[in-house]
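As structure tokens, the structure follows; a few thoughts come after it.
In our numbering, the protein residues as written are 9 to 405.
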């Protein structure tokens with residue numbers, strides 16, 4: 009009469025068709041019949057099936073991630089340690105992973121190549137690889153270094169790290185008195201400058217005075233012998249420090265004063281200032297007679313001495329002696345040739361008279377007229393701007 013589920017009638021057969029019957033599952037068929045006559049009803053059912061085999065395929069996705077890191081700042085000439093991390097964040101194996109790093113102008117690799125290539129190989133899901141990329145900072149500026157990762161079954165990804173390359177700088181200058189007289193003082197000004205982009209630590213300034221000079225003072229410095237040393241814990245970028253040192257000398261000549269500066273970062277600089285130390289000639293003339301007084305017809309001897317009491321030589325010292333009517337010059341001798349001509353005596357020329365040197369002459373003369381005589385000795389030299397005259401009184405009776 010009916011069935012659950014419905015069947016297809018093929019002659020006197022009821023046929024049920026099921027698309028699939030999973031392992032362990034059960035399907036119940038109910039059929040309602042109407043009896044036509046008395047007897048035993050035998051109802052048979054047959055089943056046919058086609059066995060089924062299944063295959064499972066997992067479909068995954070490959071996703072690469074890249075991270076590049078490095079210091080924000082570095083000094084020129086320094087090695088910059090960059091790190092590249094490439095990771096498979098997907099659910100399938102990344103095949104033939106390659107990382108490239110493009111070196112920007114201003115940075116350089118040890119090999120000199122501008123594009124660095126790293127063959128990573130396959131990366132399983134969740135697997136990562138770290139790559140070190142050391143680069144040298146060649147010049148001042150801000151440089152961005154780009155790294156890229158790709159795989160044969162994944163899209164390319166990129167990341168960059170930017171570093172500002174700083175240039176430390178240290179300079180020193182020194183100026184001082186160009187010329188000075190011996191025994192006086194010369195002052196030198198020292199300027200220490202941080203000309204770079206970074207603060208400098210443990211800055212040490214050392215001024216070494218020449219052996220022919222002596223340090224009079226150096227404010228703020230520690231002095232040991234002929235060396236003055238200043239120490240600064242920090243010299244900020246753009247900052248300047250003004251220092252001074254005062255020297256004296258008793259030795260003539262050009263003496264150069266050296267100064268150096270160094271910092272904990274390995275920077276150094278130096279400068280020099282020279283001073284011409286000059287002496288001052290100071291020529292003294294002395295005239296002494298012996299005996300005094302004298303009688304007419306008697307002789308007296310004049311001793312004439314010229315001494316350079318200064319600190320520099322004098323040149324072309326010339327003396328001329330003039331006698332009055334009371335005394336006549338007779339003869340003379342000494343450091344140069346003496347020439348007597350009437351009432352005048354010429355002592356020639358002393359080419360050079362060194363500091364502390366003395367030249368001496370003796371001059372013999374005779375009294376001729378009674379009276380108070382004045383011997384006048386006139387001296388000239390290269391140093392003297394006008395003649396110097398020395399007088400000696402001798403009484404003739």
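We treat Cβ as the ideally placed atom computed from N, Cα and C, and that holds for glycine.
Leaving aside the five residues that flank residue 128 on each side, the residues in its chain whose CB is nearer than 7 Å to its CB run, in chain order, 94, 105, 106, 107, 137. By the criterion of a C-beta distance shorter than 6 Å, residue 131 is surrounded in its chain by 96, 102, 105, once the five residues flanking it on both sides are discounted. Secondary structure at residue 41: coil, using DSSP grouped into helix, strand and coil. If you check the CB distance, residue 373 and residue 337 come in under 8 Å. Taking the C-beta atoms as reference points, residue 311 is found nearer than 8 Å to residue 370.
Closest in C-alpha terms to residue 325, from the list 351, 353, 392, comes 392. The criterion of a C-beta distance shorter than 8 Å is not satisfied by residue 183 and residue 277. The alpha-carbon of residue 357 is positioned some 20 Å away from that of residue 331.
The alpha-carbon separation between residue 12 and residue 65 amounts to approximately 37 Å. Rounded to the nearest whole angstrom, the C-alpha separation of residue 345 and residue 380 is 28 Å.
Pairing residue 111 with residue 148 gives a Cβ-Cβ distance that is not under 8 Å. For residue 189 and residue 286, the gap between their C-alpha atoms comes out near 5 Å.
Of the other Cβ atoms in all chains shown, 16 or more fall within 10 Å of the Cβ of residue 76; this residue is therefore buried. Secondary structure of residue 337 (DSSP, three-state): strand. Annotation for residue 89: the continuous beta strand (DSSP E) segment containing it runs 87 to 96. Ranked by Cα distance from residue 352, the options 343, 359, 329 are led by 329. Using a C-beta cut-off of 8 Å, the region 75 to 92 makes no contact with the region 46 to 61, since fewer than three inter-stretch Cβ pairs fall below that distance. Counting only runs that start and end inside the region 73 to 154, the beta strand (DSSP E) elements of at least 3 residues fall at 81 to 83, 87 to 96, 102 to 110, 123 to 131, 136 to 145. The alpha-carbon of residue 133 is positioned some 11 Å away from that of residue 73. The residues 201, 202, in chain order, have a CB closer than 8 Å to that of residue 247 in the same chain once the five nearest residues on each side in sequence are set aside.
Between the region 190 to 199 and the region 237 to 257 there are three or more C-beta pairs closer than 8 Å, enough to call the two in contact. Counting of Cβ neighbours within 10 angstroms places residue 37 among the exposed residues, the total staying below 16. For the set 158, 124, 150, 156, the Cα lying nearest the Cα of residue 142 is the one of 124.
Residue nearest to residue 113 within the set 163, 171, 162 is 171 (criterion: CA-CA distance). Residue 228 places its beta carbon 8 Å or farther from that of residue 204. Spanning the alpha carbons of residue 232 and residue 283 requires a straight line of approximately 22 Å. With a beta-carbon spacing of about 6 Å, residue 100 and residue 69 fall inside the 8 Å limit used to define contacts. The Cβ atoms of residue 293 and residue 396 lie closer than 8 Å to each other. Per DSSP, reduced to three states, the secondary structure at residue 33 is coil, with no helix or strand assignment. When the five nearest sequence neighbours on each side are left out, the beta carbons in the same chain lying within less than 7 Å of the beta carbon of residue 359 are those of 323, 324, in order along the chain.
In this model, residue 180 and residue 78 are separated by some 34 Å (Cα to Cα). Comparing alpha-carbon positions, the option among 150, 116, 71 lying closest to residue 135 turns out to be 71. Within the same chain, 237 come within 7 Å of residue 230 by CB-CB distance, once the 5 residues on both sides are set aside.
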